[in-house]
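Q:
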Amino acid sequence: MDDWIAAACLDLGISPPLSIPEILDLARDAAHNVERPAAPITTFLLGYAVGQGADITEAAARLSRLATGWASPE
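In terms of our numbering, the sequence shown has 76 at position 64, counting the first letter as 1, and numbering is strictly consecutive.
Right, here's the structure in full:
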């Protein structure tokens with residue numbers, strides 16, 4: 013996956029993120045506690061927040077807490 017990340021970042025003209033494990037943990041939390049399609053949307057929202065100036069570690073932790081506390085409707 014490192015090669016994919018490097019190639020995607022090169023194609024987009026951005027630096028690779030240093031927090032891949034945090035991003036993957038967030039995706040897992042969203043998929044398992046909200047619903048599977050929440051994983052890509054949640055990681056997109058994380059990237060959007062970081063693009064707006066949020067700290068990636070803090071934003072990922074906040075979203076992870078939100079996801080793990082989420083009560084899905086039955």
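Ideal placement from N, C-alpha and C gives every residue a C-beta, glycine not left out. Just so you know, these numbers come straight off a predicted model, no measurement behind them.
Distance, Cα to Cα, Cys21 vs His44?
A: Reading the sequence shown from its first residue, position 9 is the one you call residue 21. Reading the sequence shown from its first residue, position 32 is the one you call residue 44. One C-alpha to the other measures close to 27 Å.
Q: Please identify the residue among Ile17, Glu70, Ala83 and Ala79 whose C-alpha is closest to the C-alpha of Ala51.
A: In the sequence shown, the residue the question calls residue 51 occupies position 39. Of Ile17, Glu70, Ala83 and Ala79, the residue nearest in Cα terms is Ala79.
Q: Following the continuous alpha helix (DSSP H) through Gly63, name the residue where it begins and the one where it ends.
A: Along the sequence shown, one-based indexing puts residue 63 at 51. Start and end: Ala50 to Gly63.
Q: Ordered along the chain, which non-local residues of its own chain (more than five positions away) have a Cβ less than 8 Å from that of Ala71?
A: Locating residue 71 in the sequence shown gives position 59, counting from the first residue. Cβ within range, chain order: Leu58, Ala61 and Val62.
Q: Where do the N-terminal and C-terminal ends of the alpha helix (DSSP H) with Ala19 fall, by residue?
A: Sequence index remark: in the sequence shown, residue 19 carries index 7 (1-based). Looking at the DSSP string, the run of the alpha helix (DSSP H) that includes Ala19 is Asp14 to Leu24.
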